[in-house]
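Chains as they are written, first to last, in my numbering: chain A, 125 to 423; chain B, 125 to 423. The block underneath contains the structure these notes are about, expressed in structure tokens.
Number of protein chains: 2
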Amino acid sequence: MDGAKMDQMLKVRMEEVERILKTYLPDVSGMQRTVLEAMEYSVLAGGKRLRPIMMLESYRIFGGNERVIEPFAAALEMIHTYSLVHDDLPAMDNDQYRRGKLTTHAKYGEAMGILAGDALLTYAFETAAKAFALTFDAARVGRAMQVLARKAGIYGMLGGQVIDVESEGKPGMTLEKITRIHTLKTAALIESSLMIGAILAGAKEEQICQMEQVARNVGIAFQIQDDILDVTSTQEVLGKPIGSDAKNEKVTYLTLQGMEASVAEVNRLSDEAVSLLEQLAGDTAFLEALVRMLTVRKK
Amino acid sequence: MDGAKMDQMLKVRMEEVERILKTYLPDVSGMQRTVLEAMEYSVLAGGKRLRPIMMLESYRIFGGNERVIEPFAAALEMIHTYSLVHDDLPAMDNDQYRRGKLTTHAKYGEAMGILAGDALLTYAFETAAKAFALTFDAARVGRAMQVLARKAGIYGMLGGQVIDVESEGKPGMTLEKITRIHTLKTAALIESSLMIGAILAGAKEEQICQMEQVARNVGIAFQIQDDILDVTSTQEVLGKPIGSDAKNEKVTYLTLQGMEASVAEVNRLSDEAVSLLEQLAGDTAFLEALVRMLTVRKK
């Protein structure tokens, strides 16, 4: 798939996700309107919507063509957003800006930052549960909800965040630990994205498992590529300062394994993911191009 | 039901809930063990387990006798606990002690307090989703999950907390707003408790609605009684300082309506709840006694 076509397809799918998000975000009205405003502000503050785009694509690859996927796509983006809102809190990363805008706690105050994150997380499950009304196959929706909760929680994204927070500034970082952090903190939500698409479309166990593996490779490769770009790119291309890992004496996959092995690992993970997708019967061209874009990326 | 028998039954049911909680809490092991410890510490720090006890009772009243209710009972207590953990945070009430023990953030640090609350909330939904494996009636479990999420979220407990936080120290408190705060912040989780018991036992729509009303009455009456005891009780009986509402010049149901009307309203709500329960075919004696204990209480 050439770059121009890919950009065009991405744009169309982003617009699809924006429409779904606006459909499923709660109305901003009533006595609790501040938290509703803060939720909407956080979710609509931008972002590439990669997780819901990948979920919708996985669903289509396995023949899904119903609206049952939409509440899950919205729920996943709400969970991703909640994690950013809470990561930005003063007790965590204490960030005042994200994507050039005030972070939620910086705009609405710390208490409302905590509550808006809690609200997004809870509303994600309320939203996902709306899928029960859109299908007769409640068991499938139940399975999807279980995956959503698990991959967001202690055995997924949140678990990775805990290990990351606890490792910060401490000696003893190992390759095993780094890979665990990447797998949980970054890959888990992508796993839920591709898995839920497959589950709701009625894919076979083996295929659901394959999609989980594709997502894991994408997540881990994305993070190693992050380390590589921090050394090889420029601030102009990346849009953020480079050399920050070296400055913070951060132990990364790259510092432990070296440049050559790191580049090779990104390529291996990326090739394997694409090859897993090629084995499927559906039209996987867009998802393959997306996997390449996210792993062997230049910025 | 006499007091001694009630105490004995309550004790047995508390032990049942403790057993369920221990079954469903995650194992404390692995790289993310700090958050797992903090979750266990928070949930096992005590509490009367009233919400899961009421859920189990509602389930039994409508003839339920399967294990499918257990993950929901555990999930509800996890959600209640997450709300306490986040309420205690420095940016919220900034409490160092709860029930004579260090609060979660005081013991594990603020970042881990936020993460442990997030973890409990997410794990509650992961736990509830385990019910899908315990029944063939996935639609019923789906409905229960929807109620759980809704009553915990912006249209339930969290919404009430937002209105409460925003009203603090500001003029303009009205009876409507106070009742809304009580209904959302306190009654909503009790509503989910009694409703989910009824839903999973296969109760009729009308009965589910009745249980919601019983729970709403209990929640509102409990809060008005709280105002009353703050004026009429003693520190020895209550186990906490009295007169705090007057000291903080807090506008409450009692200050707006006066003592006579407040006592009458508690009795009305309590009587109505008991009368709704009396209309049901099942054995409602214990739940009726519990409603009386929670509303027209002396401490």
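Glycine is no exception: its CB is placed at the ideal position from the N, C-alpha and C atoms.
Within the stretch 148-193 of chain A, the runs of alpha helix (DSSP H) that reach at least 4 residues and sit entirely inside it are, in chain order, 157-167 and 174-185. Approximately 7 angstroms separates the beta-carbon atoms of L282 (chain B) and L239 (chain A); this is inside 8 angstroms, confirming the contact. Of the residues A:L362, A:A339 and A:Y183, the one whose Cα lies closest to the Cα of L400 (chain A) is A:A339. Note that the C-beta distance between M335 (chain B) and L318 (chain B) is below 7 angstroms. Interface annotation for the stretch 224-246 of chain A against chain B: E234, A235, I238, L239, D242, A243, L245 and T246, criterion Cβ-Cβ distance under 7 angstroms. Interface annotation, H306 (chain A): not in contact with chain B, CB-CB separation never under 7 angstroms. Around the beta carbon of F196 (chain A), 16 or more other beta carbons lie within 10 angstroms, which makes this residue buried. Taking a cut-off of 8 angstroms for Cβ pairs, the stretch 375-386 of chain B and the stretch 340-351 of chain B touch, as three or more such pairs fall below it.
In the structure shown, the three-state DSSP call for L245 (chain B) is helix. The criterion of a C-beta distance shorter than 7 angstroms is not satisfied by A273 (chain A) and E373 (chain B).
Taking the CA atoms as reference points, Q337 (chain A) sits about 17 angstroms from A413 (chain A). The distance from the Cβ of V192 (chain A) to that of A255 (chain A) is about 5 angstroms, consistent with a contact at the 8 angstroms cut-off. Neighbourhood of H210 (chain A) in chain B, by CB distance below 9 angstroms: I238, L239 and D242, in chain order. Proximity of G171 (chain B) to chain A, defined by a Cβ-Cβ separation below 7 angstroms, is not satisfied. Under the Cβ criterion of 7 angstroms, R175 (chain A) is not counted among the residues facing chain B. Contact check between the stretch 300-319 of chain B and the stretch 171-191 of chain B: three or more CB pairs, one atom from each, fall below 8 angstroms, which counts as touching. In terms of Cα proximity to N189 (chain B), the closest of B:V209, B:L258 and B:E234 is B:L258. Here T246 (chain B) is not near A199 (chain A), since their CB atoms are 7 angstroms or more apart.
For K301 (chain A), same chain residues with a beta-carbon under 8 angstroms away, outside a window of 5 residues either side, are I287 and S291 in chain order. In this structure, the alpha-carbon of T303 (chain B) lies about 7 angstroms from that of I344 (chain B).
Annotation: the continuous alpha helix (DSSP H) that includes L324 (chain B) extends over A312 to L324.
At least one beta carbon of chain A lies nearer than 7 angstroms to the beta carbon of Q270 (chain B). Straight-line measurement puts the Cα of T227 (chain B) at about 9 angstroms from the Cα of Y165 (chain B). With a cutoff of 7 angstroms on beta-carbon distance, M202 (chain A) and A169 (chain A) are scored as not near each other. Within the stretch 246-319 of chain A, the runs of alpha helix (DSSP H) that reach at least 4 residues and sit entirely inside it are, in chain order, 262-276, 281-291 and 299-305.
Annotated three-state conformation of K225 (chain A) is strand, per DSSP. Residues of chain A with a Cβ closer than 7 angstroms to the Cβ of R274 (chain B) are, in chain order, E250.
G321 (chain A) and P365 (chain A) have their C-alpha atoms spaced approximately 36 angstroms apart. From the beta-carbon of P195 (chain A), no residue of chain B is found nearer than 7 angstroms; the closest lies around 11 angstroms away.
Excluding sequence positions up to five before and after M216 (chain A), its CB lies within less than 8 angstroms of the CB of H210 and V289, all in the same chain and listed in chain order. Not one beta carbon of chain A lies nearer than 7 angstroms to the beta carbon of A162 (chain B). Going by beta carbons, E396 (chain A) and N341 (chain A) fall inside the 7 angstroms limit. A:A243 is the residue among A:A243, A:D369, A:Q359 and A:A252 whose C-alpha sits nearest the C-alpha of E161 (chain A).
Distance from the CA of Y183 (chain B) to the CA of Y279 (chain B), rounded to the nearest whole angstrom, comes to 24 angstroms. Taking 7 angstroms as the CB threshold, Q156 (chain B) lines the interface with chain A. Around the beta carbon of Y148 (chain A), 16 or more other beta carbons lie within 10 angstroms, which makes this residue buried.
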